[in-house]
Amino acid sequence: MLIAGNWKMYKGPAEAAEFCVELRRRLADLEGVDVAVCPPFTSLAVAVQVLAGTDIAVAAQNVHWDEEGAYTGEVSASMLRELGAYGAIVGHSERRQLFGETDEGVGKRARAALESGLSVIACVGETEAEREAGETEDVLRRQISVLEAEDNLVVAYEPVWAIGTGKTATPEIAQEAHAFIKSLLDVPVLYGGSVKPENAAELLGQPDVDGALVGGASLDVESFAAICLAGTR
Ligand code: PGA
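At position 20 of the sequence shown the residue is numbered 55 (the numbering used here), and the sequence of numbers has no breaks.
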């Protein structure tokens, strides 16, 4: 069971430090759940520092496929490793929709990160229009096709219509999509999309839901800690 908090473009270093001090305190006795926070690049270092000596991991929100080079605005896997990050998210729907990332690029990012020893959370998920058109499985098949099963890879199923909308997939919808993804790729699958303390236990209770990637509700330490606790049941 993995609960990861995707902070998106929230929390600079000062706020990140404050959050991590409090998370560390609240989760001191947590067992049976792996926890990760994914701050913006500029807050990674302080998160690594504050969470040193705990089981709470720190991951980036993206990573480039090359080791170094003329790629303005990008960060490589070795840079993240040097910083002490354990992994990175790749292919978040906001990267795909707002920044033009493609399946091919997502595959390259995932492969390079895994090869360099980072863990990867690779995001997939259909839009509302794709679901309504009955294309969910085709979309998932296409997005998964660029990934290969590896020990340090997990997939996050994040239906785009459920992200930041308050519209959570029902546990049944999530379960069905997760089972389908696992039939294509044998890796753990996290659910993401409006996960909150109130719906976490039911979603995490589905047989093929192996954790959660939490956006909005991961920004508040109380609600994020409550979701982590829901993962112990
Ligand atoms: P949300 O975001 O929990 O705010 O819906 C999830 C995500 O984008 O990873």
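Glycine included, C-beta positions come from ideal geometry on N, C-alpha and C.
The structure presented is a predicted model; accordingly, all values stated were derived computationally and were not measured.
Buried versus exposed call for residue i [16 or more other C-beta atoms within 10 Å across all chains shown]
i: residue 129; result: buried
i: residue 192; result: buried
i: residue 161; result: buried
i: residue 134; result: exposed
i: residue 171; result: buried
i: residue 203; result: buried
i: residue 266; result: buried
i: residue 64; result: exposed
i: residue 197; result: buried
i: residue 181; result: buried
i: residue 228; result: buried
i: residue 49; result: exposed
i: residue 152; result: exposed
i: residue 39; result: buried
i: residue 56; result: exposed
i: residue 142; result: buried
i: residue 95; result: buried
i: residue 173; result: exposed
i: residue 126; result: buried
i: residue 145; result: buried
i: residue 87; result: exposed
i: residue 258; result: buried
DSSP-derived helix/strand/coil call for residue i
i: residue 239; result: helix
i: residue 160; result: coil
i: residue 105; result: coil
i: residue 184; result: coil
i: residue 174; result: helix
i: residue 168; result: coil
i: residue 260; result: helix
i: residue 189; result: strand
i: residue 195; result: helix
i: residue 349; result: The first residue shown for the chain is 36 and the last is 268, placing residue 349 beyond what the model contains.
CB-CB length for residue i against residue j, believed under 8 Å
i: residue 225; j: residue 248; result: 5 Å
i: residue 61; j: residue 260; result: 4 Å
i: residue 97; j: residue 123; result: 6 Å
i: residue 213; j: residue 178; result: Between residue 178 and residue 213 the Cβ distance is about 14 Å, and since that is not below 8 Å, they are no contact.
i: residue 245; j: residue 37; result: 7 Å
i: residue 215; j: residue 175; result: 6 Å
i: residue 188; j: residue 155; result: 5 Å
i: residue 80; j: residue 118; result: 6 Å
i: residue 199; j: residue 140; result: At roughly 23 Å, the Cβ-Cβ gap does not stay under 8 Å, so residue 199 and residue 140 are not in contact.
i: residue 206; j: residue 237; result: 5 Å
i: residue 29; j: residue 51; result: No answer is possible for residue 29: it lies beyond the span of the chain, which begins at 36 and ends at 268.
i: residue 262; j: residue 230; result: 6 Å
i: residue 47; j: residue 77; result: 6 Å
Endpoints, the beta strand (DSSP E) within which residue i is located
i: residue 225; result: 224-227
i: residue 37; result: 37-41
i: residue 93; result: 92-95
i: residue 125; result: 122-125
i: residue 70; result: 69-73
Residue span of the alpha helix (DSSP H) that contains residue i, given as start and end
i: residue 148; result: 138-150
i: residue 247; result: Element bounds for residue 247: not the alpha helix (DSSP H) but the beta strand (DSSP E), 246-249.
i: residue 81; result: 76-85
i: residue 128; result: 128-133
i: residue 63; result: Where residue 63 is concerned, there is no enclosing alpha helix (DSSP H), given that its DSSP letter is neither H nor E.
i: residue 209; result: 206-219
i: residue 112; result: 112-118
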